[in-house]
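J.: Each residue of the sequence shown is one higher than the last, beginning at 64 in my numbering. Would you mind keeping the following structure in view while I ask a few things?
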Amino acid sequence: MPKTKYTSSFKVRTVLEGLKSPDGIAAYCRRAGISDVHFYKWQRQLLDHADAIFNQVPKSTEKRINQLEEEIRRKDQIIAVVTEEVLELKKKLTQ
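See the structure below:
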């Protein structure tokens with residue numbers, strides 16, 4: 064029997080509907096055609112990561128962060144090259 068791939072939106076919707084179900088989670092899972100184990104696993108994942116929903120970084124900020132990280136990488140490369148040149152010159156002068 065092949066594994067069924069559930070989308071994240073299906074999982075969230077299933078957990079929220081299951082929690083609202085008046086006749087219990089087990090009955091809801093039977094109606095939805097999923098196992099109780101899946102439901103409780105998804106519920107735990109949802110609760111464990113719910114705080115991330117409110118901590119999302121706006122795309123413009125994320126883009127700016129990526130630009131700054133790239134700039135830092137370039138500067139680090141330049142510093143490495145200049146430092147290498149200084150060390151070479153220092154070796155030549157001390158000989």
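Here a beta-carbon is modelled for each residue, glycine too, at the ideal position from N, C-alpha and C.
Taking the alpha carbon of L110 as the point to measure from, which residue in E147, V145 and L82 has its own alpha carbon closest?
T.: L82
J.: In three-state terms, what does DSSP make of D139?
T.: helix
J.: Please state whether DSSP places K74 in a helix, a strand or coil.
T.: helix
J.: Would you tell me roughly how many angstroms separate the C-alpha atoms of I135 and V144, rounded to the nearest one?
T.: 14 Å
J.: Can you find the residues in the same chain that come closer than 7 Å, C-beta to C-beta, to Q106, ignoring five residues on each side of it along the sequence?
T.: If we look at Q106 and ignore the five residues flanking it on each side, its Cβ neighbours are V78.
J.: When you compare the CB positions of I116 and D99, do they come within less than 9 Å of one another, or not?
T.: no
J.: DSSP state of V120, grouped into three classes?
T.: coil
J.: Note down the Cα distance separating L150 from L156, rounded to an integer number of angstroms.
T.: 10 Å
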